[in-house]
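These notes concern the structure reproduced below.
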Amino acid sequence: MKRTFSGVKPTGHLTLGNYLGAVRRWAEVDQHDSDALFSIVDLHALTVEHDPARVRRLSRQAATILLAAGLDPEQCTVFVQSHVDEHARLSYLLECTATDGEMRRMIQYKEKGARARAAGESVRLSLLTYPVLMASDILAYATDEVPVGDDQAQHVELTRDLAVRFNQRYGHVFTVPKATYPQVAARVMDLQEPTSKMGKSNDSGAGIVYLLDEPEVIRRKIMRAVTDSGQDVEYDREGRPGAANLLEILAACEDGNPAALAGVYQSYGALKKDTAEAVVELLRPLRERHAQLAADPGFVDEVLRAGAARARGLARPLVDRAYAVIGLLPVG
Ligand code: AMP
Ligand code: TRP
-6 MKRTFSGVKP TGHLTLGNYL GAVRRWAEVD QHDSDALFSI VDLHALTVEH
44 DPARVRRLSR QAATILLAAG LDPEQCTVFV QSHVDEHARL SYLLECTATD
94 GEMRRMIQYK EKGARARAAG ESVRLSLLTY PVLMASDILA YATDEVPVGD
144 DQAQHVELTR DLAVRFNQRY GHVFTVPKAT YPQVAARVMD LQEPTSKMGK
194 SNDSGAGIVY LLDEPEVIRR KIMRAVTDSG QDVEYDREGR PGAANLLEIL
244 AACEDGNPAA LAGVYQSYGA LKKDTAEAVV ELLRPLRERH AQLAADPGFV
294 DEVLRAGAAR ARGLARPLVD RAYAVIGLLP VG
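Going left to right, the sequence shown walks through residues -6 to 325 as this note's numbering numbers them.
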């Protein structure tokens, strides 16, 4: 059976972008048709300024949301990255496989690094090396498929390059993975700024639908979404990014097609109203289940404990093999 791995960073509350781009498929498809592991990748949350208590809280919250979204611990493995040493252990070997030029070319590093420098903040070295840790997350499990939103394309491409390079130099250890993307809404945009990704750590919450937002809040945010100056509703991602974003969100909710939906609407008002209702309904079961699970943190902790034990058992032999072939003397 093929192996799937994906992860989410506990850097903020999970958003509609996380759900439509990644988490929904994990629950609806990947956990059923593959041996799937899903990780709260907490080490990645330390690459930017962070508050320790908040990261801890967000890690448990992310795990609870993943279960509320339908990840079933009987069907897949859910765990916290830092509970499994092999990720950091493999990362070092991949740092010895990657080049500094490759790292500096990563778009997310360039963007986040530039933003931090502009704000007068220092840039953590781990922000630069982060894609190597991500590659380790993926390669430690002999992953075939990585279901992600399209902002991760470059990182998965790097992961493939590192796997091929390592295998060529030292012998075949790693499976070369491929990214998979949703058919629509692979990049959900901020409702207030539809040329930027809806990201959980954006400053203002007005353009971001959080998965645990109350229905009224979701409706308000979508009704106030920025649309374009044209009167009629057209699906044009370049020219009409605001309307295109709403059409994609609606299409994702209804398993429809954004271009076809554009023909159905005479006004932005009607499109917003239907999109708001569709999102509220899509997220309703998740909200309800989250409330039940949040009342039982012992259950979530137990899922994470068992998940880490299974993940460790899978990763350990593979990472040991990488250590051996690269020239490190095995423990006698
Ligand atoms: P992150 O929140 O950056 O840890 O992302 C977790 C997963 O959600 C990754 O697969 C991302 O590609 C995906 N994702 C995050 N934001 C969006 C978005 N706005 N649209 C689509 N997918 C997203
Ligand atoms: N870098 C991913 C993001 O920002 C999160 C992530 C870390 C990930 N490790 C991963 C995703 C491994 C898929 C597989 O969204």
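The C-beta atom is built at its ideal place from N, Cα and C for all residues, glycine as well. For clarity, every value in this text was computed on a predicted model and none was experimentally measured.
Helix, strand or coil, according to DSSP, for I201 in the structure here?
coil
Only counting the same chain, and skipping five residues up and downstream in sequence, which positions put a Cβ closer than 8 angstroms to that of V293?
R53, A56, T57, L60, L286
Comparing C-alpha positions only, which one of D248, M182, G262 sits nearest to D143?
M182
With burial defined as no fewer than 16 other Cβ atoms inside 10 Å of the residue's Cβ, what is the status of Q74: buried or exposed?
buried
Residue nearest to L335 in terms of C-alpha spacing, selected from H25, G262, S119, A199
Residue 335 lies beyond the stretch modelled for the chain, which goes from -6 to 325, so this question has no answer here.
With DSSP as the reference, label D28 as helix, strand or coil.
strand
Distance, A109 Cα to V116 Cα:
6 angstroms
Helix, strand or coil for S230 per DSSP?
Reading off the sequence, residue 230 comes out as Arg, not Ser. Looking at R230 - three-state DSSP - the assignment turns out to be coil, as it is neither helix nor strand.
Determine the direct distance from the alpha carbon of V41 to that of G192, and round the result to whole angstroms.
14 angstroms
Cβ contact check for the segment 165 to 178 and the segment 25 to 35: 3 or more pairs under 8 angstroms:
no
Is the Cβ-Cβ distance between I242 and T220 less than 8 angstroms?
no
On the DSSP bridge list, what partners appear for E138?
T(-3), K171
Can you grab the Cα-Cα spacing for the pair E21 / P208, in whole Å?
23 angstroms
Find out if the Cβ-Cβ distance for the pair R233, G223 is shorter than 8 angstroms.
yes
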